[in-house]
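To start, the structure itself, in structure tokens.
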Amino acid sequence: MAQKNAPDLMERIVSLCKRRGFVFQSSDIYGGFSSCYDYGPLGVELKRNVKDAWWRSMVVGRDDIVGLDSAIIQHPDVWKSSGHLAGFHDLMVDCKECKGRFRHDHLEDENVCPNCGAQGSFTEPRAFNLMFKTFAGPVEDTAHTVFLRPETAQGIFTNFLNVVNSSRVKPPFGIAQIGKSFRNEITPGNFVFRTREFEQMEMEFFIPPDEGDKWYDYWIQERFDWYVKFGVRPDKLRKRAHDDDELAHYSTGCTDVEYEFPFGWSELEGIAKRGCFDLTQHGEGSGKDLSFFDEATKTRYIPHVVEPAAGCDRAAMTFLVDAYEEEAIPNEKTGKDDIRTVLRFHPSIAPVTVAVFPLVKKEGMPDRAREISAALQDVGLRTFYDEKGAIGRRYRRQDEVGTPWCVTIDGDTLSDGTVTVRDRDTMQQERVSADEIAANLKQRVADWKRT
Ligand code: ATP
652 MAQKNAPDLM ERIVSLCKRR GFVFQSSDIY GGFSSCYDYG PLGVELKRNV KDAWWRSMVV
712 GRDDIVGLDS AIIQHPDVWK SSGHLAGFHD LMVDCKECKG RFRHDHLEDE NVCPNCGAQG
772 SFTEPRAFNL MFKTFAGPVE DTAHTVFLRP ETAQGIFTNF LNVVNSSRVK PPFGIAQIGK
832 SFRNEITPGN FVFRTREFEQ MEMEFFIPPD EGDKWYDYWI QERFDWYVKF GVRPDKLRKR
892 AHDDDELAHY STGCTDVEYE FPFGWSELEG IAKRGCFDLT QHGEGSGKDL SFFDEATKTR
952 YIPHVVEPAA GCDRAAMTFL VDAYEEEAIP NEKTGKDDIR TVLRFHPSIA PVTVAVFPLV
1012 KKEGMPDRAR EISAALQDVG LRTFYDEKGA IGRRYRRQDE VGTPWCVTID GDTLSDGTVT
1072 VRDRDTMQQE RVSADEIAAN LKQRVADWKR T
């Protein structure tokens, strides 16, 4: 009895996130700070796993992409050249009746306020620059104005020359970066879907000018497949090509990977064909030559760019929402169904891979459980140790946070050297030799398929 589309699904997920330590409202003890969130002990593991999965797919597992970690605060001219100073704005409108504030491009009906229903109550659209402004040093004047980056991409373009000169790369090649970005969003919302401080996972792929279409198609498919590989159900994902009037003036194509959230289809990631706009702009702005000389063909050109730009928080939220299930389990004692809440995370995404339980807190079981836990940590599995409460309840607590396997140490472990492995998805239990448990679980991680 999955209840995936119940209207209050998001509320139940948000409540689970708080109750179990995935995501907290920021500054909670001060009454909270709107649309800012903190990741708790499980959330930070989830997000780290998302970033690791991305980095392994984009950088570690390939020969043609290198990594970078550039500064959040950069030379103000970077934003002049990139066009963000003049053009990185959203149009906003206010409702004169209820004082609600909306993004113009998000309005379904340009005449009726979605908040109070008033007709013709909107102000004229006004441009609102999304960059956060602050000052470097003690003097608060225009000469010292700096910006918090609204995307990680520009730090990649400004390091293009440094990377080419230091890293023996040549087009087609990419530079990848994960880091915080900041946008003074007019209407943040939908939990961590749209916030003012967020993390991005971006990669700029530099290519010869005539290879744009080929790499654009390639990266759209690669990025779609990445979500599926890590357990997201393909029927909840789609690719949406932008209409011409949605494209930035320099862009000749953009396709979003979208997910069907409880609040509708929404963008997870955009894959854009950016032409040679960025390197040309920074070449002109800095006076440096950002062209590439191809030794093989003896030609010089400004590389074109295909960019997959993903949001780390949106990806983490997608894995959470997609994994969430409530299912009815018949209870023989009461004759009624119990509701089991389970997060069916891919083992590489789950915050904890294996929970280790001594059946009871005596007869040497806790000591043996600690030894087994240490052995599992040694092979790189993220463990969680718990010795309190009824075993059935301990299993259910792990289901609710998406731990794929629980290992229980009982009386037999001490006599015959076996442990119980309990599977989150099937709820089946099996006895496995304690000596083989690490290898057994590693194999289960490799073999896991969403049921
Ligand atoms: P939107 O149209 O939703 O405002 P965008 O098209 O401006 O997003 P991009 O500039 O393409 O977004 O940013 C790349 C990715 O960064 C997005 O697909 C999203 O996953 C993430 N992202 C952008 N803005 C935010 C935000 N305010 N909060 C969380 N993630 C964000």
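In terms of my numbering, the sequence shown opens at residue 652 and continues consecutively. All C-beta atoms in this analysis are idealised placements derived from N, C-alpha and C, irrespective of residue type, glycine included.
- Message: the ligand ATP and L919: does the residue's C-beta get closer than 8 Å to at least one heavy atom of that ligand?
- Response: yes
- Message: If contacts are defined as beta-carbon pairs under 8 Å, then C687 and E848 qualify, I think. What distance do you get, rounded to the angstrom?
- Response: 6 Å
- Which stretch, first to last residue, makes up the beta strand (DSSP E) that contains D988? 988-994
- Query: Does the stretch 877-889 touch the stretch 850-862, meaning 3 or more C-beta pairs lie closer than 8 Å?
  - Reply: no
- Query: If we call anything under 9 Å between Cβ atoms a contact, is L781 one with N841?
  - Reply: no
- Just to check, is the beta-carbon of S1103 closer than 8 Å to a non-hydrogen atom of the ligand ATP? Nothing can be reported for residue 1103, as the shown portion of the chain is limited to 652 through 1102.
- Query: If you compare alpha carbons, which of H726, F944, A967, C764 is closest to F673?
  - Reply: A967
- Message: On the DSSP letters alone, give me the boundaries of the beta strand (DSSP E) that Q676 sits inside.
- Response: 674-676
- Query: What's the gap between the Cα of Q851 and the Cα of D964?
  - Reply: 8 Å
- Query: Going by the C-beta, is R847 closer than 8 Å to any heavy atom of the ligand ATP?
  - Reply: yes
- Contact between the stretch 1071-1081 and the stretch 1021-1039: three or more CB pairs below 8 Å? no
- Task: Within the same chain, show all residues whose beta-carbon is closer than 6 Å to that of W1099, passing over the 5 residues directly before and after it, in chain order.
- Result: P998
- Message: So, with DSSP's three-state summary, where would you put R847?
- Response: coil
- Task: Within its chain, find whatever has a CB closer than 7 Å to the CB of I871; leave out the 5 residues flanking it on each side and keep chain order.
- Result: K890, T906, I922
- Message: If I measure Cβ to Cβ from R1045 and keep anything under 6 Å in the same chain, skipping five residues before and after, which residues do I get?
- Response: F1008, D1037
- Using beta-carbon positions only, say whether G863 and V957 come within less than 9 Å of one another. yes
- Message: Bridge partners for S1084 per DSSP, in chain order?
- Response: T1069
- Helix or strand or just coil, what does DSSP make of Y1046? helix
- Quick one: what does DSSP say S937 is sitting in, helix, strand or coil? helix
- Item | Near the ligand ATP: V1052 beta-carbon under 8 Å from a heavy atom | no
- N- and C-terminal bounds of the beta strand (DSSP E) containing S832: 824-833
- Could you tell me if I910 is buried or exposed, where buried requires 16 or more neighbouring beta carbons within 10 angstroms of its beta carbon? The sequence given here places Tyr at residue 910; Ile does not occur at that position. Flag for Y910 reads buried.
- N762: buried (16+ other C-beta within 10 angstroms of its C-beta) or exposed? exposed
- Look up Q805 in the DSSP assignment and say whether it is helix, strand or coil. helix
- Task: Could you tell me which residues DSSP pairs with R889 in its beta bridges?
- Result: E909
- Message: Given a cut-off of 9 Å on the beta-carbon distance, is the pair D1063 and V1011 in contact?
- Response: no
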